[in-house]
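Here's the structure, in structure tokens; my notes come after.
2 protein chains.
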Amino acid sequence: MILTVTLNPALDVTYRVPGLTLEAVNRVAGVSVRAGGKGLNVARVLHALGHEVTALGLAGGPDGDRLVASAGIPAAFTRVSGETRRTIAVVADSGVTMLNEAGPRISLAEWSAFQADFARRAPRASAVVLSGSLPPGLPADAYAVLAALAGDVPTVVDTEGDALINALAARPHVVKPNTDELNRTLGVTSVRDGAMRLRELGARAVVVSDGPRGLHADTPEGLWRAVPPYAEGNPTGAGDAAVAAIAMGVVARWDWAETLRHAAALSAAAVRAPLAGQADHTAYRANLAVIAAEPLEREGTQC
Amino acid sequence: MILTVTLNPALDVTYRVPGLTLEAVNRVAGVSVRAGGKGLNVARVLHALGHEVTALGLAGGPDGDRLVASAGIPAAFTRVSGETRRTIAVVADSGVTMLNEAGPRISLAEWSAFQADFARRAPRASAVVLSGSLPPGLPADAYAVLAALAGDVPTVVDTEGDALINALAARPHVVKPNTDELNRTLGVTSVRDGAMRLRELGARAVVVSDGPRGLHADTPEGLWRAVPPYAEGNPTGAGDAAVAAIAMGVVARWDWAETLRHAAALSAAAVRAPLAGQADHTAYRANLAVIAAEPLEREGTQC
């Protein structure tokens, strides 16, 4: 069973508007609501592929109830007194404007309760996935604490900034930032340099997702790149699908070339799906047939 | 006891942002939530002045529960299966951008249930206030139906467009549009002409609120104007405070000059309060001391 953790989930609300005008009254033509959060998306993709998953996280208030009830996967969220946040995507013909709430402040007692819930389940898990931002009130090393509680169970971390840097002390099996997150976290623009730096800081392996340019892996077995066969589609949730495939590879003990091939194929399949946390299974199988992970030379070891 | 009706209430959410950028990710620095709706604001002002009120309306879903629980006044809302809407005010230094949801679709059965709830309470009321827009699914003559059910109980209507035009058939005691609503409803820019037209269409008396230019009343007793002593402040809810004073005048059987004086004084006091549905009582008393309703000549009857 794969455990996913979403400490700062959100009810993702989409407003369709004919147009969005600043400093005016805009009438919303359509509203849709969906449980959101990177860890939930990972769990959905795994669940849809037949993997046993449990989604853990923090939820509070009526929006927290709704989030858990509508997640569509086995979920055991720890209750908090604050209210689960919302994100609002205002979708106009001209583009999407996001309004992201920060999330409720988590007390130390709530954080302790979550750690206890996590510690009860983690030893029976085949892998643990820690995804997304930390809500206000949690220590910056929250992911390191959970990775330590998971002990020998392999841990995949998908976050950025202080939460990522602090997670590295626990030597997670895999970390998966995208290029923007890598840049914001380390100030580097080179995928190769950034991945190497994260390994130096403690990550056992690093996969960087680079949009249509594919996935770059820096691992103890070597370096690989896998490129998706197409770029068109909805990129939201593509990184979460890559994390789902990485967790599958960790559990099945695939070698890194095979894991990266699946990650690129599942990620590209997610780009073809209308919503984050979905992946087109036919596209996934078709992508697997055409994607190969290409080994790269480690710089400085070529001559 | 004064009954207020809010058929399309909203949970009013305020997002504070450093700035709002179109087609970008905007982080929300602060969130506040408040039960909203013109009828609720009228009831709050009346309640704060010691009047016995009951707020009726339609509410559904967790946001409906929260709306009723946080209204702060005696409320007996009829439950609907759809979810109470939200309005979002995105407040940046440069100004306020509104995103207004439309409200849930109301079924005929739910509308019948509301009418039954209303019909049980209206005969015991001293006045009925019908405020705001109609949610999707309600007939355009919904306010005329309620005014008819209220029978001899005086009815004050504050709405616009089709809902206003259709309400006039029931000969409401007072209708109170503002100048923008009057213009959108009748296509007229003259306050005098618009008020006269609404009386021709069935309103027994009309009060038009015209922002810092004050209130204009066209009544069977004559025409009056009352001007507030200052213009600075938060205009949201000023019209609702004017409606509250009109309801007080109807119940107390004040003459129109006295009613309009109170409406202007309470409305100006609301402008000094930070939130809609509040009025600064000290300012209200002070304003009463300096405001007089000035009688106007009816055009065409002067010579």
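Protein chains in written order, with the working numbering: chain A, 123 to 425; chain B, 123 to 425. Quick reminder that beta carbons are idealized off the backbone N, C-alpha and C, glycines included.
- For a cut-off of 8 Å, the C-beta gap from G371 (chain A) to S331 (chain A) is around 15 Å, too long to register as a contact.
- By a beta-carbon distance limit of 8 Å, A181 (chain B) contacts V190 (chain B). Their separation comes to about 5 Å.
- V139 (chain A) carries a coil assignment under DSSP once its states are collapsed to helix, strand and coil.
- Sequence-ordered contacts of the stretch 142-161 of chain A with chain B read L142, T143, L144, E145, A146, V147, N148, R149, V150, A151 and V153 [C-beta pairs closer than 8 Å].
- In its chain, beyond the 5 residues on either side, L129, I228 and W233 have a beta carbon closer than 8 Å to the beta carbon of L260 (chain A).
- Those residues of the stretch 213-242 of chain A placed with their C-beta closer than 8 Å to a C-beta in chain B are S216, G217, V218, T219, M220, L221, N222, E223 and A224, ordered along the chain.
- Taking CB atoms only, R166 (chain A) has no neighbour in chain B less than 8 Å away.
- Between the alpha carbons of D340 (chain B) and A292 (chain B) lies a distance of about 18 Å.
- Exclusion of the five residues before and after H169 (chain B) leaves V175, G194, I195 and P196 as the residues of its chain whose Cβ lies within less than 8 Å of its Cβ.
- Pairing H384 (chain A) with R208 (chain A), the inter-Cα distance amounts to about 32 Å.
- Taking the beta carbon of R188 (chain B) as reference, the chain A residues within 8 Å of it are P184, listed in sequence order.
- Straight-line spacing of the CA atoms in R394 (chain A) and Y352 (chain A) works out to 10 Å.
- The three-state secondary structure of V310 (chain A), taken from DSSP, is coil.
- Bounds of the beta strand (DSSP E) holding A214 (chain B) are R207 to A214.
- At a cut-off of 8 Å between C-beta atoms, Y265 (chain B) does not count as an interface residue with respect to chain A.
- Spatial neighbours of N163 (chain A) in its own chain (CB-CB distance under 7 Å, excluding positions within 5 residues in sequence) are listed in chain order as G359, D362, A398 and G399.
- Interface flag for Y406 (chain A) against chain B is unset, since no Cβ pair is found closer than 8 Å.
- For the pair of segments examined, the stretch 269-285 of chain A was found to touch the stretch 300-315 of chain A: the number of CB pairs separated by less than 8 Å reaches three.
- Less than 8 Å divides the Cβ of E343 (chain A) from the Cβ of D377 (chain A).
- The beta carbon of A390 (chain A) sits closer than 6 Å to those of P350 and N409, all from its chain and outside the five residues before and after it, given in chain order.
- Between M220 (chain A) and A211 (chain A), the beta carbon gap of about 6 Å places them in contact (Cβ cut-off 8 Å).
- Rounded to the nearest angstrom, the Cβ distance from G333 (chain A) to R347 (chain A) is 13 Å, too far for a contact under 8 Å.
- Going by DSSP, N148 (chain B) is part of the beta strand (DSSP E) stretching over V147 to R149.
- A Cβ-Cβ separation of about 5 Å places P294 (chain A) in contact with T277 (chain A) under the 8 Å criterion.
- Residues of the same chain with a CB within less than 8 Å of the CB of V313 (chain B), apart from the 5 flanking positions on each side, are T301, L304, V330, D332 and H338 in chain order.
- Taking C-alpha positions only, R138 (chain B) is separated from N222 (chain A) by approximately 11 Å.
- For the pair G161 (chain B) and D280 (chain B), the Cα-to-Cα distance works out to about 9 Å.
- Under the DSSP assignment, M123 (chain A) falls outside any beta strand (DSSP E); it carries neither an H nor an E label.
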